[in-house]
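Going letter by letter, the sequence shown gives residues 355 to 902 in my numbering. Structure first, commentary second.
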Amino acid sequence: GLSDIITLTDQYRIQSESVADANGLKALQELQTHIEAHGGWHPQQQVQAICSEMELDAEQPMAALSGGWRRRAALARALVAKPDLLLLDEPTNHLDFATIAWLENRISVFSGAVLFITHDRAFLQRLATRIVEIDRGKLKSWPGDYKDFLRRRDDALKAEREANSEFDRKLGEEEAWIRQGIKARRTRNEGRVRALESMREERAQRVNPDARARVHIEEAENSGRKVLDIKNIAFGYDQHMLIQNFSLRVQRGDRIGLVGNNGVGKSTLLKLMLGEIEPNAGTIKRGTNVHLGYFDQHRRKLDLDQTVAQIVGDGSEYVTLNGKPRHVVGYLRGFLFTAKRALTPVKSLSGGERNRVILARLFTQAANLLILDEPTNDLDVETLEVLEERLQDYSGTLIVVSHDRAFLDNTVSSILTFESDGEIHPYVGNYTDWTRRGRSLATGESATNKGCVGQSEIEKSREVGSVRKLSYILQRELDSLPQVIDSVEKKIETLRARTLESNFYEQAYGDTQPILDQLTALEAELERHILRWTELEDMAEQMRDLRS
């Protein structure tokens, strides 16, 4: 590693000052040859190069860095050392897309062995050639990539369930025999009795697969059609504008993902939507009957001295779900908290557990607009997948900031990309749809090679999701739009028929104008649905062309 090279160069300088004979000169030449073979004369240049690639100020004190920049510095330190074995613990946490792409490219050409822990499924799919799983206290090794692991593990679990079912059937038969044997005969087959005892012991020692999270999202009644109306807003500090001249109308049922490099204004836009800060210019108006739920990645509202149950139950022993009370400890089991863990102070929890606390509390609050800021940080893959399933079924409006590419693929149907110049651009589709069109986030030349990043993102999206068909969310939306359009058209026909009645315009203004306003709104809604259907149909057609 680099530290060894530095030690050798220091040793060379010391020996060169004290060479006294031919043997000393020979030893110095051998040391020089060894250093040259390992490219060790310029370690400082290697440090400067990797600092430049990761946009790190080499002279900046570590104490002055934020968590995300400290993570970058730690990665740079590990990589520049060129170890034989590189250990990475959640390396993509708090990294932006450009840095993740750079890291993936760097690791893919790394000559040593790499052992990493991650919940980033796209990162896992791109780099892993073997998966080691901890299952019920045992290590299991699976050859292949992440998709191979999922398929083989599912097959193994299915075979295990079938074997357990057959075992339980035989055990039931033997239990019935032993009960009948007591009544029917005085002597029994002692070998069969011993076999039954062995089966009982084996059944008692069986450990079932870990429980899966059971996430419930409490939904409020529908909001108005218009959820948020953002017009020409701008926001910045001093001379640095994070957001410039941005407008957006969020409609009921929209599912929007916010993507961009760190520090470009994603969380700032969320704060503007939440009303925590005011724009320097422009307006943000919330629609009617909007009930908002917010996930804060910084966990600012967690009282570390309270227990999990106290926070989620808000001091009560019960939470209300679907209008019915449920004991908070029972509810927390669905978020993988045992009764003992539910009564543990939050300060004793891991980062992933704290995120589950926030989600558990958030989902007890009836909401028809969910704003989630990095909800996947520190969550295990199984909980992530369950969260995705619930969000796919969620009928409200969703706005999410995430650096988890697979999560964005599975939960959103449109993207807002944040550029460093304060511009925000909308795109139809999820993260993979966006990268499939050759898009990538702008990044400085010092951070990474631009051409490599774009190509890397496209390749990774192919590995994570299906390249040649619409995502699950978009396909479901496309399938539902004909029924939605038909329903709106019928409403329009009904209202138009009323306006054609002979005495319609003879009625008072207060009776006719609401009907005309409703008709105008429905016609605008119909146009929006038809435009959306056309966009998705065109996208699906392009995917079909790729397959043919």
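For each residue, glycine too, the CB sits at the ideal point set by N, CA and C.
Return the chain-ordered list of same chain residues with a C-beta closer than 6 Å to the C-beta of S495, the five sequence neighbours on each side being excluded.
-> What you label residue 495 is simply residue 141 of the sequence shown in a count that begins at 1. Hits under 6 Å: V486.
Classify I631 as helix, strand or coil using the three-state DSSP reduction.
-> Looking up residue 631 in the sequence shown gives position 277. Here I631 sits in coil by DSSP.
Distance, Cα to Cα, W887 vs L835?
-> Stepping through the sequence shown from its first residue, residue 887 is reached at position 533. Stepping through the sequence shown from its first residue, residue 835 is reached at position 481. About 6 Å.
Of the residues V618, T692 and F477, the one placed nearest H779, counting alpha carbons only | Reading the sequence shown from its first residue, position 425 is the one you call residue 779. It is V618.
N-terminal and C-terminal residue of the alpha helix (DSSP H) that V711 is part of = Numbered from its first residue, the sequence shown carries residue 711 at position 357. Element bounds for V711: G705 to L716.
Can you name the start and end residues of the beta strand (DSSP E) that K701 belongs to?
-> Taking the first residue of the sequence shown as 1, we reach residue 701 at position 347. No beta strand (DSSP E) contains K701, which DSSP labels as neither H nor E.
Nonlocal neighbours in the same chain, by C-beta distance under 7 Å from E671, ignoring five residues either side | Within the sequence shown, residue 671 is the residue found at index 317, counting from 1. Contacts found: H681 and V682.
Along the beta strand (DSSP E) that carries L738, what are the first and last residues, could you check?
-> As a first step, residue 738 must be located in the sequence shown, where it is residue number 384. Per DSSP, L738 belongs to no beta strand (DSSP E); it is in the alpha helix (DSSP H), V735 to D747.
Would DSSP call V807 helix, strand or coil?
-> To locate residue 807, count along the sequence shown from 1; it is residue 453. Legend: pLDDT at V807 = 34, less than 50; position of this residue unreliable, value from coordinates given subsequently. Here V807 carries a helix assignment [DSSP, helix/strand/coil].
Would you mind giving the Cβ-Cβ distance between G688 and A567, rounded to the nearest angstrom? I have them listed as a contact below 8 Å.
-> In the sequence shown, the residue the question calls residue 688 occupies position 334. In the sequence shown, the residue the question calls residue 567 occupies position 213. Contact flag correct, Cβ pair sits at about 6 Å.
Assigned secondary structure, E444 (DSSP; H/G/I helix, E/B strand, else coil) | Translated into positions along the sequence shown, residue 444 becomes position 90. Three-state DSSP puts E444 in coil, outside helix and strand.
With DSSP collapsed to three states, give me the class of V818.
-> In the sequence shown, residue 818 corresponds to position 464, counting from 1. With a pLDDT of only 38 at V818, under 50, the local geometry of the prediction cannot be trusted, and no value is derived from it.
Separation of A482 from M893, as counted between CA atoms | As a first step, residue 893 is located in the sequence shown; it is residue number 539 there, counting from the start. As a first step, residue 482 is located in the sequence shown; it is residue number 128 there, counting from the start. If you take the alpha carbons of M893 and A482, they lie about 31 Å apart.
Based on the DSSP secondary-structure assignment, which residues constitute the bridge partners of I485?
-> Taking the sequence shown and counting its residues from 1, one reaches residue 485 at position 131. I485 pairs with W496.
Between which two residues does the beta strand (DSSP E) carrying I769 extend?
-> For the purposes of this step, residue 769 is identified with residue 415 of the sequence shown, where counting begins at 1. Counting along the chain, the beta strand (DSSP E) containing I769 begins and ends at S768 to F772.
4-residue-minimum alpha helix (DSSP H) runs that sit fully inside the region 623-673, ordered along the chain = Entirely contained in the region 623-673, the alpha helix (DSSP H) runs reaching 4 residues are, in chain order, 662-667.
For the 8 Å Cβ check, are there 3 or more pairs between the region 717-727 and the region 635-651?
-> yes
Option in D747, T642 and K380 with minimal Cα separation from V581 | Position 227 of the sequence shown holds residue 581. Nearest of D747, T642 and K380 to V581, Cα basis: T642.
Which of the three DSSP states, helix, strand or coil, is assigned to A721?
-> Here residue 721 refers to the residue found at position 367 when the sequence shown is read from its first residue. A721 falls in the strand class under three-state DSSP.
Look up D732 in the DSSP assignment and say whether it is helix, strand or coil.
-> Counting from one through the sequence shown, the residue named residue 732 turns up at place 378. DSSP places D732 in coil when its eight states are reduced to three.
Nearest-angstrom Cα separation, counted from V740 out to T692 = For the purposes of this step, residue 692 is taken as the residue at position 338 of the sequence shown. For the purposes of this step, residue 740 is taken as the residue at position 386 of the sequence shown. Approximately 18 Å between the Cα atoms of the pair.
Pick out whichever of E773, V700 and I571 has its Cα sitting closest to the Cα of R654.
-> What you label residue 654 is simply residue 300 of the sequence shown in a count that begins at 1. For the residues E773, V700 and I571, the minimum Cα distance to R654 belongs to V700.
Closest residue to K625 among T661, Q660 and I597 (Cα-Cα distance) = In the sequence shown, residue 625 corresponds to position 271, counting from 1. For K625, the nearest C-alpha among the options comes from I597.
Residues of its chain near N634, where Cβ-Cβ distance is below 6 Å and the 5 sequence neighbours each way are ignored = One-based indexing of the sequence shown puts residue 634 at position 280. Short of 6 Å from the beta carbon of N634, and not among the five residues preceding or following it, lie these beta carbons of its own chain, in chain order: A588 and F589.
Whose CA, out of G776, W531, G706 and S406, lies closest to the CA of H594?
-> As a first step, residue 594 is located in the sequence shown; it is residue number 240 there, counting from the start. Measuring from the Cα of H594, the nearest candidate turns out to be G776.
Shortest alpha-carbon distance to N586 belongs to which of F600, Q837 and R424?
-> Within the sequence shown, the letter at position 232 stands for residue 586. Comparing Cα positions, the closest option is F600.
For S465, which of helix, strand or coil comes out of DSSP?
-> Looking up residue 465 in the sequence shown gives position 111. Coil at S465, not helix or strand.
By a C-beta neighbour count over all protein chains shown, 10 Å radius and 16 as the cutoff for buried, is N764 buried or exposed?
-> Taking the first residue of the sequence shown as 1, we reach residue 764 at position 410. Buried, by the Cβ-count rule.
Test item: CB-CB of R426 and T453 under 8 Å = Your numbering for residue 426 matches position 72 in the sequence shown. Your numbering for residue 453 matches position 99 in the sequence shown. It is a contact, given that the beta carbons lie within the stated cut-off.
Where L410 and I846 are concerned, what is the direct C-alpha to C-alpha distance, given to the nearest angstrom?
-> Start at 1 with the first residue of the sequence shown, and residue 410 comes out as number 56. Start at 1 with the first residue of the sequence shown, and residue 846 comes out as number 492. Each residue's alpha carbon lies about 59 Å from the other.
Is it the case that the Cβ atoms of P563 and R490 are separated by a distance below 8 Å?
-> Start at 1 with the first residue of the sequence shown, and residue 563 comes out as number 209. Start at 1 with the first residue of the sequence shown, and residue 490 comes out as number 136. In contact: P563 and R490 (Cβ atoms closer than 8 Å).
Around the C-beta of D611, are 16 or more other C-beta atoms found within 10 angstroms, so that it is buried, or is it exposed?
-> The sequence position of residue 611 within the sequence shown is 257, counting from 1. The question names Asp, but residue 611 in the sequence shown is Gly. It is buried - the Cβ of G611 has at least 16 other Cβ atoms within 10 Å.
Helix, strand or coil at L596 according to DSSP, with G and I counted as helix | If you number the sequence shown from 1, residue 596 lands on position 242. Three-state DSSP puts L596 in a strand.
Buried/exposed call for G705, threshold 16 Cβ in 10 Å | As a first step, residue 705 is located in the sequence shown; it is residue number 351 there, counting from the start. Result: exposed.
Along the alpha helix (DSSP H) that carries F761, what are the first and last residues, could you check?
-> Residue numbering aside, residue 761 sits at position 407 when the sequence shown is read from its first letter. Taken as a continuous stretch (DSSP letters only), the alpha helix (DSSP H) holding F761 covers R759 to T765.
For K814, I'd like the list of residues in its chain whose CB is within less than 6 Å of its CB, leaving aside the five on either flank, ordered along the chain.
-> In the sequence shown, counting from the first residue as 1, residue 814 sits at position 460. Only weak support is given to the placement of K814: the predicted model assigns it a pLDDT of 38, under 50, and the question is left unresolved by the model.
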